[in-house]
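First the structure, in the form of structure tokens, and then the observations on it.
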DNA sequence: TGACTTAAATGTGTAGACAATAATCTCATG
DNA sequence: CATGAGATTATTGTCTACACATTTAAGTCA
């Protein structure tokens, strides 16, 4: 294991990030600098750096002389995110079909098989499938070997997706169908068919979006935090 | 005009960003905090925030306890950037075809006409075309109305593209052809044909990439900065 | 009631200090 | 002469304390 060298700012950033994603800090909430610094036992310097990071990944918004607030999740923004995901992950799948090594493709297949087994074991329960879904997409994104693409997706977008899933309780309600789609994508990648992999991935994300959107509209709208 | 309210960190970030993009600070160069702070007449606090921003837009890389360096441009990274541009701007064009108002479409057409006139006036000289190209793509990206997409492209990626253009002197050597492609894209958007606009935009960026890549390989490789 | 003034709270910027780490240098030793 | 352990220096990361600017809230008075 590589000894992870880090800094206070990064650590605190990760902690706050987790709190925001899981909803411990509710959306729209104002973030008080001295208070946050006290809570995490650090001084303002590193804290401001941490907040800069959070801002750059768009988990909070800052306005000069006023302060920072946790973002407000919205139907529209989730739609935006999924549009971008469809485009970028389609690209990732296309690239991965060409760039993945045999070993990586093998691991991807193993991952799928473990998901299949898990779904069978739990009678199609979606519990674990959510993280499994993340794993699958992570694998492909990394397989693209495009560093910037990896950063954009794994670094930022997935955080937001996780946040929506947490706060809207949007775990997959169609694990078998999702698995089947994953299966198809995996096969296309194994065969090195980039165009097909891209097309399948885009359709897969499109399906996921439609599913999620439908459920979000039914579901009670999110509380408004404590905005002014 | 809206009075632009800002902070020291942002201002200095923009100044350093400009220096990096234009090559005033050469790639690979180490950035010394106290020195930079002195140069820009600020203290280390805001400076570190500024550097955090620069890091998030990947103009510099920082390693804990060691410091910050300007990124090294490479053929591979430019390829990565263009792959992503093709994907995202294709999406932007598709969305813009549906989301742009009549007025915006009109402005886009006016912009194109002014480019055409300029190219005719200068006998196809590419001088102004470069910024014009940026304008055109900006227009479409903003026309997509997808805020996150706008941020990703206009906020970060275009900075990098400008940097490569500056430092490799990659102004367009095919302004007439580019104009023609812009024309096609504009028409598709005017007609609200999103799929066609997407396809045309992807082909356009693909052409630009092939052109640039070809010239980069011919051109003398970049000097190595002063890496360790 | 409403516009103005005042006061509190909060964000922003500065200066200086110290600790921890990395880079460099020194010098004795094989 | 080369090498490597130890000492020295430089730089980064962090903290504290204070000054300043701006926003927000409260208070005042016509």
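Chains as they are written, first to last, in this note's numbering: chain A, 1 to 228; chain B, 229 to 456.
A virtual CB, placed ideally from N, CA and C, is assigned to each residue, including glycine.
Continuous beta strand (DSSP E) stretch holding residue i: start and end
i	result
residue 298 of chain B	295-298
residue 60 of chain A	60-63
Beta carbon of residue i nearer than 8 Å to that of residue j
i	j	result
residue 364 of chain B	residue 385 of chain B	no
residue 299 of chain B	residue 287 of chain B	yes
residue 321 of chain B	residue 278 of chain B	no
residue 160 of chain A	residue 91 of chain A	no
residue 347 of chain B	residue 412 of chain B	no
residue 371 of chain B	residue 436 of chain B	no
residue 56 of chain A	residue 397 of chain B	no
Cα-Cα separation, residue i to residue j
i	j	result
residue 441 of chain B	residue 313 of chain B	15 Å
residue 97 of chain A	residue 33 of chain A	46 Å
residue 336 of chain B	residue 416 of chain B	12 Å
residue 420 of chain B	residue 252 of chain B	43 Å
residue 6 of chain A	residue 295 of chain B	13 Å
residue 438 of chain B	residue 361 of chain B	16 Å
residue 409 of chain B	residue 333 of chain B	16 Å
residue 20 of chain A	residue 171 of chain A	18 Å
residue 53 of chain A	residue 44 of chain A	14 Å
residue 74 of chain A	residue 27 of chain A	10 Å
residue 392 of chain B	residue 432 of chain B	18 Å
residue 242 of chain B	residue 102 of chain A	44 Å
residue 266 of chain B	residue 240 of chain B	12 Å
residue 151 of chain A	residue 382 of chain B	17 Å
residue 342 of chain B	residue 304 of chain B	34 Å
residue 18 of chain A	residue 418 of chain B	44 Å
residue 311 of chain B	residue 35 of chain A	43 Å
residue 121 of chain A	residue 141 of chain A	28 Å
residue 196 of chain A	residue 430 of chain B	17 Å
residue 434 of chain B	residue 215 of chain A	38 Å
residue 46 of chain A	residue 29 of chain A	21 Å
residue 81 of chain A	residue 414 of chain B	25 Å
residue 65 of chain A	residue 41 of chain A	23 Å
residue 244 of chain B	residue 402 of chain B	31 Å
Chain B contact for residue i (CB, 8 Å cutoff)
i	result
residue 83 of chain A	yes
residue 34 of chain A	no
residue 175 of chain A	no
residue 165 of chain A	no
residue 101 of chain A	no
residue 43 of chain A	no
residue 162 of chain A	no
residue 87 of chain A	yes
residue 5 of chain A	yes
residue 203 of chain A	no
residue 48 of chain A	yes
Neighbour flag for residue i against chain A, beta carbons, 8 Å
i	result
residue 281 of chain B	yes
residue 244 of chain B	no
residue 418 of chain B	no
residue 435 of chain B	no
residue 335 of chain B	no
residue 368 of chain B	no
residue 443 of chain B	no
residue 300 of chain B	no
residue 289 of chain B	no
residue 306 of chain B	no
residue 374 of chain B	yes
residue 342 of chain B	no
residue 399 of chain B	no
residue 377 of chain B	yes
residue 319 of chain B	yes
Extent of the continuous alpha helix (DSSP H) run through residue i
i	result
residue 16 of chain A	8-22
residue 337 of chain B	330-349
residue 81 of chain A	75-99
residue 154 of chain A	Run containing residue 154 of chain A: none; DSSP gives neither H nor E here.
residue 161 of chain A	158-168
residue 5 of chain A	Counting along the chain, residue 5 of chain A falls outside any alpha helix (DSSP H), and DSSP gives it neither H nor E.
residue 417 of chain B	403-418
residue 39 of chain A	33-40
residue 171 of chain A	No alpha helix (DSSP H) holds residue 171 of chain A; DSSP gives it neither H nor E.
Whole-angstrom C-beta distance between residue j and residue i, which should lie under 8 Å
i	j	result
residue 291 of chain B	residue 394 of chain B	The pair is not a contact, with the Cβ atoms about 26 Å apart (cut-off 8 Å).
residue 374 of chain B	residue 428 of chain B	With 8 Å as the limit, residue 374 of chain B and residue 428 of chain B do not qualify as a contact, their Cβ atoms being about 19 Å apart.
residue 407 of chain B	residue 344 of chain B	6 Å
residue 297 of chain B	residue 289 of chain B	6 Å
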